[in-house]
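Reading through the structure tokens given below for one structure.
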Amino acid sequence: MVYDFLVDTYATERLKVLAMWSMFRGDDLPTRPHPSDRRGRSVLEHMVHQCLSEDIWFRTMLGIDVGAPPVPANETRVGFLQQYALDSTARLIVLRAKPATWWEGEVPFFEVQRSRAWVMVRRIAHTAHHRGQQAVLLRVLGRDVYSTYGPTADTGGLMKDHAPTVYPWVTEEELLAGESSGGAKRALHGRAGAVVTERPDR
Numbered sequence: 203m204v205y206d207f208l209v210d211t212y213a214t215e216r217l218k219v220l221a222m223w224s225m226f227r228g229d230d231l232p233t234r235p236h237p238s239d240r241r242g243r244s245v246l247e248h249m250v251h252q253c254l255s256e257d258i259w260f261r262t263m264l265g266i267d268v269g270a271p272p273v274p275a276n277e278t279r280v281g282f283l284q285q286y287a288l289d290s291t292a293r294l295i296v297l298r299a300k301p302a303t304w305w306e307g308e309v310p311f312f313e314v315q316r317s318r319a320w321v322m323v324r325r326i327a328h329t330a331h332h333r334g335q336q337a338v339l340l341r342v343l344g345r346d347v348y349s350t351y352g353p354t355a356d357t358g359g360l361m362k363d364h365a366p367t368v369y370p371w372v373t374e375e376e377l378l379a380g381e382s383s384g385g386a387k388r389a390l391h392g393r394a395g396a397v398v399t400e401r402p403d404r
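For any residue, its number in this note's numbering is found by taking its place in the sequence shown, counting from 1, and adding 202.
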């Protein structure tokens with residue numbers, strides 16, 4: 203189907219959200235980019251926003267209501283991992299069943315009309331935007347940053363230098379089971395002295 207690429211992209215983006223959240227610790231949730239500036243979302247507020255925002259977009263713009271609470275009753279890191287995994291899986295199942303005509307139909311997008319395919323592209327971009335902010339928070343906290351789309355400073359440096367891509371978990375099932383039990387993520391073997399930016403300090 204012509205719009206399978208959007209469904210496949212959502213399938214991988216939801217996994218990237220879960221992987222990003224798995225890189226934080228439970229006591230990281232109150233952390234903000236700057237402790238005295240409340241304009242920057244805390245880790246907890248990012249998780250809440252992802253769950254509520256995605257629920258609203260899917261229900262009001264795409265007409266997909268999974269009939270589940272978007273935010274867990276127990277607002278812990280593991281609680282958010284479990285709730286988002288459950289809800290986004292349900293959305294994915296519905297999306298896989300939609301025909302091309304559904305994707306091409308126009309729906310309200312704030313003050314304008316846009317195709318559902320267009321809305322989905324914006325939804326994915328919105329999620330990636332906030333995930334980038336969370337990656338900055340990981341750096342502020344001094345945490346390891348695993349791959350999202352490719353290598354990072356912690357996986358070995360730059361793609362042009364053939365650094366590897368390393369995800370914290372191989373499968374969603376391993377992620378949920380491992381994070382629920384405090385299990386160890388995949389090992390990072392960053393190369394000592396590897397260049398991690400195209401403009402390194404000299």
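Even glycine gets a Cβ: it sits at the ideal position worked out from N, Cα and C.
Every value quoted in this text rests on a predicted model; they were computed, and no experiment measured them.
Where residue i falls: helix, strand or coil (DSSP)
i: residue 309; result: strand
i: residue 255; result: helix
i: residue 316; result: strand
i: residue 212; result: helix
i: residue 363; result: helix
i: residue 275; result: coil
i: residue 380; result: helix
i: residue 347; result: coil
Short Cβ contact (7 Å threshold) for residue i with residue j
i: residue 274; j: residue 281; result: yes
i: residue 352; j: residue 373; result: no
i: residue 358; j: residue 392; result: yes
i: residue 307; j: residue 298; result: no
i: residue 205; j: residue 302; result: yes
i: residue 235; j: residue 242; result: yes
i: residue 376; j: residue 224; result: no
i: residue 230; j: residue 378; result: no
Nearest candidate by alpha-carbon position, reference residue i, set the options
i: residue 228; options: 278, 361, 309, 332; result: 278
i: residue 346; options: 386, 314, 362, 379; result: 386
i: residue 371; options: 390, 238, 362, 211; result: 390
>> Any contact between the segment 274 to 290 and the segment 213 to 224? By contact I mean 3 or more CB pairs, one from each, below 8 Å.
In response: Output reads yes: the segment 213 to 224 touches the segment 274 to 290.
> When the Cβ atoms of the segment 245 to 259 are set against those of the segment 333 to 343, are three or more pairs found closer than 8 Å?
Replying inline: These segments touch.
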